[in-house]
Amino acid sequence: MSSSDTTVVPAGETVGPTGRPLPAFPEPAPLAGHGPARIIAMCNQKGGVGKTTTTINLGAALAEYGRRVLLVDFDPQGALSVGLGVNPHELDRTIYNLLMERSSDVREVIRPTGVAGLDLLPANIDLSAAEVQLVGEVARETVLARVLRPVADDYDVVLIDCQPSLGLLTVNALTAAHGVVIPLECEFFALRGVALLVETIEKVQDRLNPALQIDGILATMYDSRTLHSREVVARVVEAFGDRVFHTVIARTVKFPDASVAAEPITSYAPGHPAAESYRQLARELIARGDAA
Ligand code: ADP
Ligand code: MG
468 MSSSDTTVVP AGETVGPTGR PLPAFPEPAP LAGHGPARII AMCNQKGGVG KTTTTINLGA
528 ALAEYGRRVL LVDFDPQGAL SVGLGVNPHE LDRTIYNLLM ERSSDVREVI RPTGVAGLDL
588 LPANIDLSAA EVQLVGEVAR ETVLARVLRP VADDYDVVLI DCQPSLGLLT VNALTAAHGV
648 VIPLECEFFA LRGVALLVET IEKVQDRLNP ALQIDGILAT MYDSRTLHSR EVVARVVEAF
708 GDRVFHTVIA RTVKFPDASV AAEPITSYAP GHPAAESYRQ LARELIARGD AA
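If you want it as structure tokens, here you go:
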């Protein structure tokens, strides 16, 4: 390090892509038992920022570490379900039925995926009607929390893949959750709209779910070759400090490839750096205490 270098990094540490010293995230210890689950909502009202990709791959990485994980598709587009090989048009019952019919059993709608320890609560376009139909319900913001309660002890982590809006479905996810993860694409306008998201989170904290936390901001589609990506990450760290994950997710065509193959990247390309980045995110989440 030259004397003109202004970044102070203790000996033996490396600077990570977020410009901060990169801690080591140890291999998590195996769990003796399972549950109760920490419920995490993957949230950003902007589309195409990596919510669904992060839900699938963080979920699969946590499952690799022996965690029991439930993924909840809470977007009527059903991209999470499709990304795990489910044909949404062939589904008999989905999360929609669980929201609208008190008598339906969540365990009958949950299905296994190709990954051991990783289960899915699927959705399809039916869910788009729920937004309208729930408006007239009593306690309309707590319906998802009620649906998930019976299985909370079966899982270590529940990840809810939110739709790109701040409507009633997303408010339900925030009300059911302990934490929020906000994926942000490393693009110039990434922070535009985040203030509105944080405002929504604060309203839910005030009125419905005082324990809700922002677990972390995740920089996605990072391109280390561009100054631009590094500048965006620096701005995000300036705005959110320690809440920004040290782990960043690089932009690579392996992600769309894996979703075409309807598999998590951790099984589609297990040795690829992109798979390792989601394993690191899983370790970071556990090391932070935001998951068991
Ligand atoms: P969201 O759920 O926020 O709308 P997705 O996870 O569906 O976003 O991602 C949008 C598109 O970008 C998808 O085609 C996905 O395969 C692709 N994608 C996601 N993450 C990456 C990445 N790190 N690098 C390249 N493409 C990505
Ligand atoms: Mg999505």
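Every position in the sequence shown, counted from 1, becomes a number in the working numbering once 467 is added.
Built from N, CA and C at the ideal position, the CB exists for glycine as well.
For residue i, which residues in the same chain have their Cβ closer than 6 Å to its Cβ, ignoring the five residues on either side in sequence?
| i | result |
| --- | --- |
| L587 | L538, L551, R578 and T580 |
| A530 | V536, V582, G584 and L585 |
| A597 | Y563 and L566 |
| P589 | D540, S548, V553, L558 and T561 |
| L635 | E598 and L601 |
| Y745 | N524, L525 and A528 |
| A758 | R505, V624 and L752 |
| G683 | V648, R710 and F712 |
Which of the three DSSP states, helix, strand or coil, is assigned to residue i?
| i | result |
| --- | --- |
| Q512 | coil |
| V715 | coil |
| T687 | strand |
| I753 | helix |
| G517 | coil |
| G650 | For the record, residue 650 in the displayed sequence is Pro; it is not Gly. Note: P650 maps to strand in three-state DSSP. |
| D472 | Since pLDDT at D472 reaches only 42, below the 50 mark, its modelled position is unreliable, and the value read off the structure follows with that caveat. Here D472 sits in coil by DSSP. |
| I523 | helix |
| I668 | helix |
| G545 | coil |
| D682 | strand |
| I506 | strand |
| N564 | helix |
| E557 | helix |
| I592 | coil |
| S571 | coil |
| E598 | helix |
| V708 | For the record, residue 708 in the displayed sequence is Gly; it is not Val. The answer is helix: DSSP assigns G708 an H, G or I state. |
| A742 | helix |
| P617 | helix |
| R659 | coil |
| D623 | coil |
| G550 | helix |
| N676 | coil |
| R607 | helix |
| R697 | helix |
| L636 | helix |
Please classify residue i as buried or exposed, where buried requires at least 16 other C-beta atoms within 10 Å of its C-beta.
| i | result |
| --- | --- |
| H556 | exposed |
| R674 | exposed |
| I592 | exposed |
| K670 | exposed |
| E652 | buried |
| E698 | exposed |
| G756 | exposed |
| D628 | buried |
| T481 | exposed |
| E575 | exposed |
| T519 | buried |
Which residues share a DSSP beta bridge with residue i?
| i | result |
| --- | --- |
| D540 | D628 |
| D724 | DSSP output for D724 lists no bridge partner at all. |
| D586 | L537 and P579 |
| P434 | Absent from the structure is residue 434, since the part of the chain shown begins at 468 and ends at 759. |
Please return the same chain residues whose Cβ sits closer than 8 Å to the Cβ of residue i, not counting the five positions on each side in sequence.
| i | result |
| --- | --- |
| H739 | T719, K721 and I732 |
| L663 | Q512 and L633 |
| L498 | G533, R534, D623 and A759 |
| V573 | L565, L588, V614, L615, P617 and V618 |
Might you give, ordered along the chain, the residues of its own chain that have their beta carbon closer than 7 Å to the beta carbon of residue i, omitting 5 neighbours on each side?
| i | result |
| --- | --- |
| E666 | none |
| G660 | Q512 and K513 |
| H713 | G483, T485, R487, L489, P490 and E751 |
| P495 | Y532, R750 and I753 |
Does the beta carbon of residue i fall short of 7 Å from some heavy atom of the ligand NAP?
| i | result |
| --- | --- |
| N511 | By its list of ligands, the structure shown excludes the ligand NAP, since it contains just the ligand ADP and the ligand MG. |
Task: Around the ligand MG, Cβ to any heavy atom closer than 5 Å, ordered along the chain - done: Answer in sequence order: K518, T519 and A546.
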